[in-house]
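Take any residue in the sequence shown, count from 1 to its spot, add 2: that is its number in the working numbering.
See structure below.
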Amino acid sequence: LLSPAINLGLLDPREPVRAVEAAYEARGADPGAYDPAHGRDGGTAETSLGDFGGGPGENDDGSERRGDGSETRDADADSSADLPPVPLNAAEGFVRQVLGWREFVRHVYREAMPGLATANRLDQTRDLPPAYWDGETDMRCLSAAVGHVREHGYAHHIERLMVLSNFALLYGTRPAALNEWFHLGFVDAYHWVTTPNVVGMGSFGTDLLSSKPYAASGSYVNRMSDHCADCPYAVSRTTGEGACPFNALYWDFLAEHEEALRGTGRMGLMYSHVDDKGDAEWAAIHERASEVRALADDGEL
């Protein structure tokens, strides 16, 4: 895991970037060209990114050179022939995340603080439900994500954004409360990194980072994970006992914050679906959403 070391200043972000550059230089492949069945026959690339500023490469004697100029081990002893190709899009995506996104987040933090920490454009008022502290819930996705945080102090970025933050957003949690929870639970939590991501993206407390909230129903969680198949809640259902909590909360959230969100261009399609629902369906949605919040409040979800 790189993020704890990078965020806490123990690892210079240029080191993993240069390592990826070196890997791409040695084993680069065209995007989408790699077929695991054909080993390294998936294509090569000639572009060299390690020649700038004494980057990674080889010394004259064949030993590997790190980005800081120090030698590591004999190149022949650790041949890249048995390692998989590095597609250009994978290398580019990694570098963009480590450098591009971090620089953008740092800029947002520097420009938007101190108000960013308390931003709450949707006027959410709830505290986190007990499940975020004890992991006790029948929702398989939420239980697993909280369990990862409790056991490892870490969770995959999809779990962070589309399970932990998404549920808190739909539930109505104060952005500052969710931000505090992330700071307490994650080993890579550092204020300038975590606050823009949690308050800006996860909670939509401000529109500085995104033009719409990262809100989704259970269908997204089902596409991105294998939790729903074993969950006692039915991801295919929105209302009634046993329906996936995400579904009713999602539509209830859109209805509650319609004034703030409908005018956002990227929300047009979803509000067309809002318009298609009749009064009886909305009554059932609001009833189920109220039940879900009550169950979550009591630690019985």
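The beta carbon of each residue, even a glycine, is placed where N, CA and C say it ideally should be.
Cβ pair residue i, residue j closer than 8 Å
| i | j | result |
| --- | --- | --- |
| V201 | S167 | no |
| Y173 | P131 | yes |
| P198 | L118 | yes |
| G155 | G187 | yes |
| D254 | H288 | yes |
| P87 | A24 | no |
| T139 | L303 | yes |
| F206 | L124 | yes |
| G242 | R290 | yes |
| V19 | V97 | yes |
For residue i, the residue or residues it bridges with in DSSP
| i | result |
| --- | --- |
| R128 | T175 |
| A31 | P89 |
| A285 | None, per the DSSP bridge assignment. |
| A119 | According to DSSP, which records beta bridges pairwise, A119 is partnered with nothing at all. |
| A236 | A245 |
Top-ranked residue by Cα proximity to residue i, from the options
| i | options | result |
| --- | --- | --- |
| L171 | F96, A231 and A217 | A217 |
| N181 | D232, N122 and A231 | N122 |
| Y26 | H150, L144, A93 and P6 | A93 |
| A298 | D278, L10, T175 and L211 | T175 |
| A28 | G11, P15 and P89 | P89 |
| A262 | D136, S213 and V19 | S213 |
| A179 | E17, Q126, R264 and D277 | Q126 |
| W194 | G95, W103 and E17 | W103 |
The ligand COA heavy atom lying under 7 Å from the CB of residue i
| i | result |
| --- | --- |
| W284 | The ligand COA is not part of the structure shown, which contains no ligands of any sort. |
Buried versus exposed call for residue i [16 or more other C-beta atoms within 10 Å across all chains shown]
| i | result |
| --- | --- |
| M269 | buried |
| A282 | exposed |
| E105 | exposed |
| T2 | Outside the modelled stretch of the chain, which goes from 3 to 303, sits residue 2, for which no answer is possible. |
| L244 | Checking the displayed sequence, the identity of residue 244 turns out to be Gly instead of Leu. With fewer than 16 Cβ atoms within 10 Å of its Cβ, G244 is classed as exposed. |
| N61 | Caution is warranted here: a pLDDT of 43 is assigned to N61, below 50, making its placement in the model unreliable, and no coordinate value can be reported. |
| Y36 | Low local confidence applies: a pLDDT of 45 at Y36 is under 50, so the model's placement there is unreliable, with the coordinate-based value given in what follows. It is buried - the Cβ of Y36 has at least 16 other Cβ atoms within 10 Å. |
| R310 | Residue 310 is absent from the model: the chain starts at 3 and stops at 303. |
| H150 | buried |
| H159 | exposed |
Own chain, CB closer than 6 Å to residue i, minus 5 neighbours either side, in chain order
| i | result |
| --- | --- |
| T380 | With the chain covering only 3 through 303, there is no way to say anything about residue 380. |
| D190 | S5, P6 and N9 |
Nonlocal neighbours in the same chain, by C-beta distance under 8 Å from residue i, ignoring five residues either side
| i | result |
| --- | --- |
| M272 | L256 |
| C230 | R142, C143, G220, V223, N224, V237 and C246 |
| K279 | W253 and I287 |
| A79 | In this prediction, A79 scores a pLDDT of 41, lower than 50, which makes its location untrustworthy; the coordinate-derived value is nonetheless stated afterwards. Excluding sequence neighbours, A79 sits near nothing in its chain. |
7 Å CB neighbourhood of residue i in its chain, flanking five on each side removed
| i | result |
| --- | --- |
| Y134 | V148 and W183 |
| A146 | H229 |
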